[in-house]
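Below is one structure, written out as C-alpha cells; the observations come after it.
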Amino acid sequence: MIAYLLAFFGLLLTMWLNPPGLHPAEETFPMPRFIRNYLKKWISNHCVETAALLPIGRRLRKLPEALTAGYLDPHTGLPWAGHWLAFTFALATGALYVGLNVYHRTWQGKVSPVPALAYALLLLLNVNWILAFFAFLLDRYRLPLLIPIALLCVLGAHAPSSDHYYSSQSAVTLERNTPYDVLHARQDKPIILVATAGGGIQAGAWTTEVLTGLEKESRAWKAQKDSSRLFSESLTLVSSVSGGAMGSMYFLNLYSPDNRATFREGDLDQVRTQVTESSLDDIAWAMVYKDFPRIFFPYFTRSEQAKLLDRGYMLEETWRNRGIRSNLANWRAGVKEGMRPVAIFNSTVTETGEPMLLATTDFTPDSKVPRRQSFYDLYPQTDIPVVTAVRMAATFPYVTPAARKLSGQPEYHMIDGGYYDNPGVLSVVRWLDEGLQQLLKKNEALPSHVLIIQIRSFPESEDDIKAVNRGWFFQAYAPIDGLLNVRTTAQLLRDREALTMLAQRWATSPTSNQGSLGDRIRFATFTFNGSGAPLSWAMNEKQKSGIRERWRELVQANGKDLRWVHCSLDSGAAGCQTSEQNGPY
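Each position in the sequence shown, counted from 1, maps to that position plus 41 in the numbering used here.
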C-alpha cells in the first residue's frame with residue numbers, strides 16, 4: 042500500500058508539471074474509474090506549466106533537434122510525460138533512500154526494525170532508475186549499456202580506495218606459546234580438542250549449543266562426583282571455520298581476558314541467545330549506503346575510517362555491541378599456563394589459496410614440515426580485534442567482502458577458511474602432532490588420553506545421494522557442480538584419513554606405531570541431524586528451537602559420543618572401561 046501511494050504521488054506530480062493532454066500515464070496507471078475522471082478535471086485547473094515551465098520549454102526548443110529528439114516534446118519544449126513520470130518515481134525512491142539512511146542512524150548500535158530485504162529492494166529500485174536512464178540516453182546513439190558498465194568496472198577496479206580493509210594495531214608484544222607449552226602445562230588435566238565446521242548462522246548456533254551444552258553437562262557430572270572435571274577447564278583448543286568460528290567466539294569470550302582461571306558460567310544461556318541474532322540488517326545497510334556508492338565514487342573514499350566502514354566492519358560492530366571487545370593477543374593470556382584454551386580461526390589467502398591461521402598459539406619452525414601461514418608470522422608485532430579475526434575466518438562472499446590489511450602497500454586478501462578446510466580438522470592434527478612430538482623429544486610423559494570433538498552443523502547426506510540421468514544442459518554447470526561437491530566431500534574424506542593416521546601413529550607406546558585406533562586419541566562427533574537447517578545468516582524461531590531440541594535429544598539418548606566426553610572428564614565414570622571405541626566418522 043505504501044509503494045502504491047508513493048507511485049500515485051509520482052503520478053500526481055507528473056500530471057501537475059506536464060501540460061494538460063500530454064500526460065497519458067493517467068490512462069494506464071491502475072486506479073478506479075472515478076478517481077481517474079476526477080484527476081482529469083483536477084489537472085485542468087491546477088496545471089503549473091503556464092506559470093513556470095513553459096518559458097523554460099521555449100528556451101529548450103531552440104536547441105538543435107538532433108539533441109532533443111526523443112527527450113523533449115517539440116510543441117512545448119518540455120520532457121515527454123514518460124520522462125516526467127520516470128523522474129518523479131526516481132525522485133520518490135531517492136527520497137526514500139535518504140530517509141531510510143537517516144532513520145537507521147537513530148538505531149546505530151541497536152537492532153534496526155528495517156529488515157535486510159528492504160535495503161536490498163531499495164538498492165534494486167535505485168539501480169533500476171540509474172540503468173534505465175543511461176539505457177534510454179545511450180540507445181539514441183546505438184551504444185549498449187554494457188560499455189559504460191565495463192568502463193566503470195575497469196576504472197573502479199584500479200582505484201585502491203574502492204578496496205575493502207580491516208584494521209590492525211602496531212607495536213604489540215605477543216605472549217608466545219607453542220603446542221608443547223600448552224600440553225606441558227596441562228599434564229594434570231584432560232586434553233580436549235574441538236574442530237567445528239562452517240555453514241552460516243546454523244553452524245554458529247549449533248557450535249555454541251554443543252559447547253554450552255557440554256559445559257552444563259560437565260557441571261551436572263561434577264555435582265554428582267566431585268572428582269569429575271569441568272569441560273571449560275579441560276578444553277585445550279578450538280579450531281573453527283566460518284559460522285563455527287562465530288559460535289566458538291561467543292563461548293571463548295566467557296573466559297577471563299587475563300591469565301586468571303575464571304569462566305563466566307552465568308552467561309551460558311546469554312551466548313546461546315546472542316549467537317542466533319541475525320546481523321544481516323546492518324550488513325545490508327552498509328552494502329547499500331557504503332559499499333554501493335563506493336563503486337561509483339571510488340576516489341572519494343580517502344580517510345581511514347571511510348575505507349574501513351563497509352559491510353564487513355558493520356558485522357564486527359554487531360559483535361562488539363554484544364560484548365566481544367578483546368584483541369586476539371589478549372586471548373593469549375593464560376594459554377601457556379593452561380588456564381585458557383587455544384583459539385585457531387582458520388582463514389584462506391585469496392591470492393595464493395593457502396591457509397591463514399588467526400591463532401592464539403605459535404607453531405615451532407621446522408624445515409622438514411611445511412608450515413601453515415600464520416597472521417602473527419606474516420605481520421610481526423601487529424594485532425587485530427577478535428571480531429576481525431572471526432570475520433576473516435567467516436568471509437564467504439558476498440555477505441562480507443574479501444579484505445586486506447589497511448596499509449599503503451599491497452597486502453593479501455583473506456576469505457573464508459572453508460575454501461581450504463571447512464571442518465577445521467587439519468589445524469587440530471598439525472597442532473596436536475607437533476605438541477606430542479615435542480613432549481617425546483623432551484622425554485616427558487605423553488597424555489594418556491586425548492579427545493578430539495568434531496562439531497558438524499548439517500546432516501551427513503552422502504549416503505542419500507543417488508545417481509540420476511541428466512540432459513544436455515547439465516554440461517553447462519557440471520564443472521561448477523562437481524567443484525562444489527568436491528569441496529565438501531573431499532575435505533571430509535581427507536580429514537577422516539588424517540585423523541585416523543594421527544590416532545594410529547600415537548596409539549600405543551611412544552616408540553611404536555602399533556596399536557588399536559582410539560587407544561590414546563579418541564573421538565566424539567556431534568552432528569545436527571535435524572531438518573530445516575538454514576544455509577544463511579538468519580534464523581527463524583522454528584530453526585532456533587530445532588537447535589535446542591536436537592541437543593536435548595542427544596543428551597537424553599546419552600550416546601557413545603557424549604559418554605566419551607564424560608569418560609575424558611572422569612575416567613572412573615560408569616561404563617568407561619567397556620565403552621565402544623569411536624572413530625573419526
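Ideal Cβ placement from N, Cα and C applies to all residues, glycine included.
Here's a check: name, in chain order, each residue in its chain whose Cβ is nearer than 6 Å to the Cβ of residue i, leaving out the five neighbours to either side.
i    : result
W592 : E250, G254
I336 : G197
P339 : G197, A200, S202, S203
P488 : I232
W170 : A131
G239 : V282, S283, G284, G285, G459, N463
S408 : Residue placement at S408 is poorly supported in this model, since its pLDDT is 48, which falls under 50; the coordinates still yield a value, given next. Contacts found: none.
G575 : Checking the sequence, you will find Pro at residue 575 rather than Gly. Here the set comprises Q243, Q584.
K230 : S275
Along the alpha helix (DSSP H) that carries residue i, what are the first and last residues, could you check?
i    : result
S283 : 283-293
I171 : 157-180
L234 : Premise fails: L234 lies in the beta strand (DSSP E), 232-237, not in any alpha helix (DSSP H).
R355 : Position check: residue 355 holds Met in this sequence, whereas Arg was assumed. That run of the alpha helix (DSSP H) goes 352-361.
A614 : Per DSSP, A614 belongs to no alpha helix (DSSP H) and is neither H nor E.
D222 : 220-226
V143 : 122-146
R591 : 582-598
D457 : Premise fails: D457 lies in the beta strand (DSSP E), 454-457, not in any alpha helix (DSSP H).
Q450 : No alpha helix (DSSP H) contains Q450, which DSSP labels as neither H nor E.
F404 : F404 -> no alpha helix (DSSP H), and no H or E assigned at all.
K348 : 345-349
Y417 : 416-419
P298 : Element bounds for P298: n/a, residue is neither H nor E.
R640 : The structure shown does not extend to residue 640, since the chain spans only 42 to 626, so no value can be given for it.
According to the Cβ coordinates, are residue i and residue j closer than 7 Å?
i    : j    : result
V491 : I232 : yes
L113 : P120 : yes
L480 : L224 : yes
G459 : S577 : no
G465 : A133 : no
S259 : F272 : yes
R373 : T405 : no
G118 : R99  : yes
T248 : P382 : no
Pick helix, strand or coil for residue i, following the three-state DSSP scheme.
i    : result
R445 : strand
V251 : helix
N387 : strand
M56  : helix
D474 : helix
P96  : helix
T635 : The structure shown does not extend to residue 635, since the chain is modelled only from 42 through 626, so no value can be given for it.
T529 : helix
T109 : helix
I188 : helix
T69  : helix
Y439 : coil
D424 : strand
F272 : helix
S153 : coil
A208 : It should be pointed out that residue 208 corresponds to Ser in this sequence rather than to Ala. Looking at S208 - three-state DSSP - the assignment turns out to be coil, as it is neither helix nor strand.
C608 : helix
S280 : strand
Over what stretch of residues does the beta strand (DSSP E) that includes residue i continue unbroken?
i    : result
P396 : 396-400
F567 : 562-568
V428 : Unbroken run through V428 is the alpha helix (DSSP H), 427-434; no beta strand (DSSP E).
I324 : Where I324 is concerned, there is no enclosing beta strand (DSSP E), although the alpha helix (DSSP H) it sits in stretches over 321-327.
L492 : 491-497
I365 : From DSSP, I365 is part of no beta strand (DSSP E); its letter is neither H nor E.
Who are the Cβ neighbours of residue i in its own chain at under 7 Å, not counting the five residues just before and after it?
i    : result
S320 : L356, T359, W578
A688 : Any answer about residue 688 is impossible in this case: the structure gives the chain only from 42 up to 626.
Q315 : Y291, R363
G616 : R604
A517 : none
Y138 : L163, N167
So, does the CB of residue i fall closer than 7 Å to a CB anywhere in chain D?
i    : result
P426 : Considering every chain present, this structure includes no chain D. It has just one protein chain.
Starting from the C-beta of residue i, find all residues in its chain whose C-beta is less than 8 Å away, skip the five residues before and the five after it, and write them out in chain order.
i    : result
A6   : This structure gives no information on residue 6, because the portion of the chain shown stretches from 42 to 626.
L349 : Y206, Y207, S208, L447
E590 : G571
Is the closest heavy atom of the ligand NAP to the C-beta of residue i under 6 Å?
i    : result
I493 : This structure lacks the ligand NAP; in fact it carries no ligand of any kind.
Check: Looking at C-beta atoms only, is the number of pairs between the segment 319-334 and the segment 156-171 that lie closer than 8 Å three or more?
Finding: yes
Checklist line | Stretch pair the segment 594-613 + the segment 515-524: three plus CB contacts closer than 8 Å | finding: no
Checklist line | Inter-stretch contact (C-beta, 8 Å, three-pair minimum) for the segment 436-454 and the segment 528-547 | finding: no
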